[in-house]
Amino acid sequence: MPDPPVEGTARKRAIIRAAQRLFARHGYAKTTIRMISREAQVAFGLVAHHFGNKESVFLAAGAALIDEVLAFIRARSLQAASGAEALACFVELYFTFTQEHRDIFPTLIRCSPFSDDNPGLDRQRIGRKFQELIAEIESLVRRGQADGSLVPHADPHAMALFVYAAMVGAVRTVFLAGFADAAFFDATRSFILRAAGARMEG
81 MPDPPVEGTA RKRAIIRAAQ RLFARHGYAK TTIRMISREA QVAFGLVAHH
131 FGNKESVFLA AGAALIDEVL AFIRARSLQA ASGAEALACF VELYFTFTQE
181 HRDIFPTLIR CSPFSDDNPG LDRQRIGRKF QELIAEIESL VRRGQADGSL
231 VPHADPHAMA LFVYAAMVGA VRTVFLAGFA DAAFFDATRS FILRAAGARM
281 EG
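For this note's numbering, count along the sequence shown from 1 and bump the result up by 80.
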């Protein structure tokens, strides 16, 4: 199958980014396809052509953010010497990404299996995409258990769920509840590593 035209791909990316900004700013219910087309500076029909309806745009915007988060973390954590260090990098970089992308990251909070803002959305599709984040964490936990830098007897999948739930809770506390500032992320990271029995070199 031939690659899509560069111009079409660029426009699709522009639509996704515009949707991420608008869903972050206004939420799912208040954002319209027309608003997205204006923000992306493309024809209304082009958004419908690529995505069909608003739910598909929303889910695509959330999925693209997960891909971006994982790429951001993987590119910066390749040199971790142990599973514990890799887990520490993952948590720190996840929080860093949220801070550096405050204009779009709330879209990932809204497009989440942990959110009840839009109960009519395809939860299974959302959950499958979020499993990629949890699977990445689980791989780091298994690495740490194998090299002795993380507590060896805990169930790695359960630990990955705990780590992700703690991160989600911290992000929602800072972004949505306003009960804490970004310094809370450092405390959350330390708590996660202590709970995982992390043994860090140096």
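Just so it is clear, CB atoms sit at the ideal spot from N, CA and C, and this is done for glycine as well.
Source: prediction; values computed, not measured.
Contacts around residue i, its chain only, beta-carbon distance under 8 Å, and the 5 residues preceding and following it disregarded
i	result
Leu173	Phe152, Ile153, Arg156 and Ser157
Ala166	Ser157, Ala160, Leu220, Arg223 and Gly224
Phe124	Ile113, Arg114 and Ser117
Check whether residue i and residue j have beta carbons under 7 Å apart
i	j	result
Leu220	Gly277	no
Arg101	Asp183	yes
Val248	Phe264	no
Lys134	Ile113	yes
Gln179	Ala262	yes
Arg279	Ala164	yes
Whole-angstrom distance between residue j and residue i, CA atom to CA atom
i	j	result
Ile116	Ser162	43 Å
Phe177	Val137	22 Å
Asp235	Leu241	10 Å
Ser270	Val243	11 Å
Ala90	Gln121	12 Å
Glu281	Gly228	12 Å
Pro85	Leu126	For Pro85, the pLDDT reaches just 46, beneath the cut-off of 50, and the residue's location in the model is therefore unreliable, leaving the point undetermined.
Asp83	Thr268	Confidence is the limiting factor: at Asp83 the pLDDT is only 43, short of 50, which leaves the residue's position unreliable, though a coordinate-based value still follows. The alpha-carbon atoms of Asp83 and Thr268 are separated by roughly 43 Å.
Residue i (DSSP reduced to helix, strand or coil)
i	result
His181	coil
Pro232	coil
Phe124	helix
Glu281	coil
Phe303	Outside the shown range of the chain (81 to 282) lies residue 303, about which nothing can therefore be said.
Gln159	coil
Cys191	coil
Asp227	helix
Burial state of residue i, where buried means 16 or more other Cβ atoms lie within 10 Å
i	result
Leu188	buried
Phe259	exposed
Contact set for residue i: own chain, Cβ-Cβ below 7 Å, skip 5 residues either direction
i	result
Glu212	Ile146 and Leu150
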